[in-house]
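Those protein sequence lines, which keep their order, are chains A and B. Quick note on numbering: the first sequence equals residues 1 to 788 in my numbering. Quick note on numbering: the second sequence equals residues 1001 to 1460 in my numbering. Beta carbons are placed, not taken as given, at the ideal position from N, Cα and C, and that holds for glycine. Here is the structure we will look at, set down as structure tokens.
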Amino acid sequence: MSLHPASPRARICGVVLGLICAVVTVPPSAQADHAVSYFPSFYPHEIRIEPLDPEGAAREFVNKSDPLHVYVGTAPSFSGQIPQHLKSVESLKSLVTVSVNPQSSRLQAREARCHAIEQAAAALDAPPDVVIHPYPITPYHADYLGHADRVSPANATPTPTGAPTPTFRAGADAALLSPRARVQATDWDVSLDETSVSALLIDAGVGFNDWPAPPWTKEGWFQAYQLLRPSLSQANDQKQADELYDRLTHNEFRDRTEQINLERELLAALIGSCERAVVGYRLRREFYTDDFSDGIENIAVDSQSGLNSAVFLRTVKLKDFLWNGTLRIGIDPRPTAAWNPIAGFNDAAGRLVWSTVGDNAFLPIPYNSRWVQNRAEIRTTDESGIKRSVRVPDDALMPETMAGRFGQVGPGHGAMTKVLYRLSASNFSDASVMEAADLLYPYALAFRWGAGGQHAGAHDPEIAAATRLIRERLRGLKLLRVEETSRSVADQTFTYRSPIIEIYLDNLAFDELENALVAPPWSSVPWHVLALMEAAVERGIAAFSRGEAERRHLPWLDLVRDPAQLKTFRALIKEFAQTGYRPAALESLVGPEAAKARWQLLDQFVEANGHLLVTNGPYRLKSWSPDAFVFEVVREFTYPVGLGTFNGFAYPARALITAMERAGDLVLVSTDAEFAVKQQRDHRLVRAPLQPDTLRGTLLPIRPESHYVVIGKDGRVAAAGSLVRQPDHRFAASLPTTLQSGVYTLFAAIFLDGNTINPAIGRIELRDSGTIGKAGRAGGPKDEEGKP
Amino acid sequence: MEHRNVDRRSFLNQLGVVVGSAAAATAIPAVKPASAQTPAAPKGRIPDTPLKFGHMTFLTGPGAVLGEPSLKGHILAAEEINAQGGILGKRKIETITADEAAGTDANVKELRRMKLSEKIDLFTGVISSGNTPALGPVAEELGALTIFVDGCTDFLWDKAVPNPKFAFRITNIQSADGVTCALAAAQAWPEAKRVAHIHPDYSYGRNAFDHFNIAFGKLVPGIQVVSEGWPKLGTTDFTAHITKAMSSNPDLIVSSVWGGDYVAMYKQALRYGMFNSAKFASTIAFGVAPHAIGKDHPEGVIAGVHANYYFTFPPGNRWPANKRFVEKYYKRWNEYPNFQSDGAYHTLYMYKTAVEKANKLTGGWPEEEAVISQLEGMYFETAAGDLYIRPDNHQGYKDAVTGFSKNVPEYPFPILDPNRMVTIPIRNITAPPHWPKPGNGHNDPTATYNWIKETWPQVA
């Protein structure tokens, strides 16, 4: 796309108009039978989300006429035995910390603090859902393998010593303490607290809405930094932790080994001063019905958000329906966050609602810390895989800081990498057709509302936090062209158009997908709804975020549930429909007539639907009340992602390491697979030796990923890498030739289909290992070989 | 058109329509089925290199409800054959799978890749009739021996591959679906004159509509189509079509809505009492895996199985081949097979039998030509009855099956009523060899449609 002063609109109108989606044609011949290859959107044709307390959920699960299918957030409170037709899944809910009172005179020395934390951990009276685990990275974090040596079974169970136990702060999470623990309101030594992972991420600026989350959102080191960094009191400790964190978030490492070492150093820096420590974690146990008729299946469970995830909603199906059916979801707690995609939707209910109606470019993979392409596809380029900076084209665009207007980058600018996106456009629910302005406007909004400080005319700290990566690393964007693809369904052919956009970034990750996550050119909300919200905030009608709403004593902007706001929004829409309003940033992209058409569509939409939650996701809000939000599926073929797309994420297989042995400079790992096999309407867990043709679930092949780390006696990671499958189906780790002679421990894990949840980690002691100084000598018979 | 004075009962008898618990697949086979035989020692030197088979079916998307049983049938047969040492006791089967949901163009590329790069010995599977007409010509061009499990459109042999050499198909032809449904309805409810239709608005629905009407009209004089409902692809709310059909006061409602759409439709129809207000006949209600249909499915309706196979047919385990197949399938997969399972399973045994016969004639591993010549005209025992591969069009023909839904205590899902099974010799309801194809003297939808129109009597 080029924007020259002469006639910018004329130059881009071809591209803009070219994004019209999904044209259907019917060929004259009759060549289809009943089977159709594609169905838009996902299984249930209706989703009902109901805020329910745990007692209500228990009742509704046994409701004969309209039973609850799934309860998200916590376990129901059953008065008696758990009904047999219910099953449960577990995920990481929260981290339990002990924080030392900086005022405690007894705990000024580091050793005293460390000891107090150990004593505090020993005083825990953990219920079954709390796991004693004295390390911030848990088996529910994908980077757990790199820290496996630090959480050995030996130190997972703290033993009390004879020294007096510290006093605990009253009012903290005292329910986790044994009755013998001493609790006091003042002059306490330590505070026992529980921090939910979602709260931690919100504090870290992760939006859970239209903004892309940082690539490392689910990584243990990232969450540890957010949790523990605020407790560091010494400037040196803070500096060290910040520097390590910056190196990790800026990909300043040579290879995977150095990356893991940095993560380990960061953890050491965060916990070294013993000012706050993780002593355990709580699992979230969520229930669903497995009844033969009323049950649900095809369950994908996120390691950290459980069933409150976009992928769960995109795989779950009702057993009595091959597709379609009404899915009834209960959720706890009741919603408190406003429904706006800029700085709302950030409580549990809001997050679930956004996962239903929104459709981000990438979705978090449920059982590791990576992301799966949803509406954006990454194309390889000539520069792919080459670690060198690239020139940003002169005519690439960049939003101006504070103003948000797009201007040309101009000559002489470079970036560390370029990502080429192919985007799956589709119509929005108000029937507006996705255009270039919809893809680009979020950048303008990010720079306008995120760049300035508190005193800027337009600023919201939560937008600033959520868009920090975009603003820091975006160096240019360029809309190249629009591609057409067709899809034949039965005897009909649908044509889809996909914009191809280059994004230039100062970000250089090993993984191209990680680069792509930083600033994808995507929005699930059309520009005119974003502009409406922006105008509402500018006019003092509401505030984007909870924090700004409180600070400015305004309502938190809600596109659905506040009749007073809605009334004001409708007046604005009518005003904008008359004037053809478009924000200054879009004046070169959208003409007044096109803008009028958008506002008119929105006016019709709100008239018909009574809300303004216009998105391009797989479901649309149909009706709502305080007790139920009802969403209907988008079965229009304009929606480009279809039934079954994410089925591979349901019921992941899990590897069980059965043996490890040393053979020269190889370490050989034998593995069984534990996987679910679908039988009629049930899934049965099966364990079998892992072979290339082992199939799981509905006959999908299992793809193993194998990783190892070699850790020396000094606690440094000496090597990290992947294992190679051998003809006898074992996995082999080749000890690197650069390994110095010495004693090491090798930890290995096989992640089947990338499933890193609660992995079985094998370990083997390697004495006299390394090839340097040994003239290629292989490990001798005296090598001590451990059992997994 | 012939104008003979024939009554309905006589003509149905002529067609061989059999209803009731006595319905049997076919005559007792003279030979043991291939799956139960211990093959004779092969002649000549047989290589021990594996055979590579490509199985393309829906692994994702809506078609996976059919693709999964297909792959399960294929895997079961391959495991059994491999357990016996492979085909001719030497060549074990290795299967490469491909997801048919990738789309027709991608499927064509995948077939090329399988043949040219993977050097597959047999290409099989394929569910969609949108794909077989694209893959058939490519199979012919590549010389890739192909046995389609489904993709049953008449168009494949009528137009896309009128003179096949390498391509075969094991599943009954699509036109049989509507005709079978019509014959069952005419036999059960000959008084039904006012017919309402609800069909998916694409070619399968139109095919079912056309063939039901031409056949039913011949058998039930004075029928009147009182309502047509054509739900668009992707429709989730069928109430408008249900109420429209009901308001037309029909005697009979006919539908070819399938899969998840059918489930949504019947559940919505239950709320309106549709099944109490008229008889109901479906071409394909029970075509999916048996356990997929809910216990609340209405009883006593014609619940078609794509005119192909049902796991309890014939009742009373009177067809040993089916009894054995169901037992083995259940043992392996802990569920019951559908027509895709049957087709995929017997595809491999049919190939195995053809290779063994060719080996007896030629010795050694037979040339593909020799295998093809054995497949052409083969009578082969399957779980669904004897299958005949017609040499002129390489189409498999087996007796068509349908029946009436019923809940029984033995299964947690409804099955076809064991006392009301319907079976029809397929050759009596499909156009004979060399009957003019569409465009050759007529422009009717299929050769079978034209054949029925021209040759079936209008019964009195």
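A Cβ of chain A is located within less than 8 Å of the beta carbon of Glu1068 of chain B.
By the criterion of at least three beta-carbon pairs nearer than 8 Å, the stretch 206-214 of chain A is in contact with the stretch 340-349 of chain A. The DSSP-derived three-state label of Glu587 of chain A is coil. Within the stretch 294-338 of chain A, the runs of alpha helix (DSSP H) at least 4 residues long that lie entirely inside it are, in chain order, 310-315. In the DSSP annotation of this structure, Lys93 of chain A is not part of any alpha helix (DSSP H); the continuous beta strand (DSSP E) holding it starts and ends at Leu86 to Val100. The criterion of a C-beta distance shorter than 8 Å is not satisfied by Asp627 of chain A and Glu55 of chain A.
Taking C-beta atoms as the reference points, Ile702 of chain A and Leu690 of chain A count as a pair closer than 8 Å. Legend: CB atoms of the stretch 594-605 of chain A lying less than 9 Å from CB atoms of chain B are not found in any residue. A straight line joining the alpha-carbon of Trp323 of chain A with that of Ser309 of chain A spans about 20 Å. Residue range Arg276 to Thr289 is occupied by the beta strand (DSSP E) that includes Tyr281 of chain A, with no alpha helix (DSSP H) assigned at that position. Considering only beta carbons, the part of the stretch 1168-1184 of chain B lying closer than 7 Å to chain A consists of Gln1174, in chain order.
Contact with chain A is absent for His1241 of chain B, since none of that chain's Cβ atoms lies less than 8 Å from the residue's Cβ.
The beta carbon of Pro40 of chain A sits closer than 8 Å to some beta carbon of chain B. Counting C-beta pairs with one atom in each stretch, the stretch 660-673 of chain A and the stretch 640-649 of chain A have fewer than three that are closer than 8 Å, which means they do not touch. Judged by DSSP in its simplified three-state form, Arg561 of chain A adopts coil rather than helix or strand. Ranked by Cα distance from Phe1216 of chain B, the options B:Val1254, B:Ala1240 and B:Tyr1204 are led by B:Val1254.
For Tyr1202 of chain B, the residues of chain A that pass the 7 Å Cβ criterion are Ala32, Ala490, Asp491 and Gln492, in the order they occur in the chain.
At a cut-off of 8 Å, the C-beta of Leu1071 of chain B has a neighbouring C-beta in chain A. The beta carbon of Ala1176 of chain B is closer than 7 Å to those of Ala1307, Ala1400, Ile1426, Ile1429 and Thr1430 in its chain, skipping five residues each way along the sequence.
Asp210 of chain A carries a coil assignment under DSSP once its states are collapsed to helix, strand and coil. Under the 10 Å beta carbon count, Lys1279 of chain B is surrounded by 16 or more other beta carbons and is classified as buried. Annotated three-state conformation of Met398 of chain A is strand, per DSSP.
Using a Cβ-Cβ cut-off of 8 Å, His1291 of chain B counts as an interface residue toward chain A, since at least one Cβ of chain A sits closer than that to its own. Burial is judged here by how many other beta carbons sit within 10 angstroms of a residue's own beta carbon; Asp347 of chain A has at least 16 and is buried. Under the Cβ distance rule, Lys1119 of chain B does not count among the residues neighbouring chain A, no pair being separated by less than 8 Å. By a beta-carbon distance limit of 8 Å, Ser65 of chain A does not contact Gly1294 of chain B. Their separation comes to about 15 Å. No Cβ of chain B is located within less than 8 Å of the beta carbon of Thr289 of chain A. Ranking B:Arg1332, B:Phe1313 and B:Phe1413 by CA distance to the CA of Lys319 of chain A puts B:Phe1413 first. Residue state for Ser1373 of chain B is assigned as helix, using DSSP reduced to three classes. One thing to note: Leu1066 of chain B has its Cβ within 8 Å of the Cβ of Phe1058 of chain B. Look at the beta carbons and you see the stretch 410-420 of chain A touching the stretch 494-510 of chain A: at least three pairs across the two are nearer than 8 Å. Chain order gives the chain B residues near Gln680 of chain A as His1291, Asn1334 and Glu1335, where near means a beta carbon separation below 7 Å. Taking a contact to require three or more Cβ pairs closer than 8 Å, the stretch 122-134 of chain A and the stretch 276-294 of chain A qualify as touching. Contact between Ile761 of chain A and Leu746 of chain A is ruled out by a C-beta separation of about 10 Å, above the 8 Å threshold. DSSP places Asp1158 of chain B in the helix class (H, G or I) of the three-state scheme. Taking a beta-carbon distance threshold of 8 Å, Ala1264 of chain B counts as an interface residue toward chain A.
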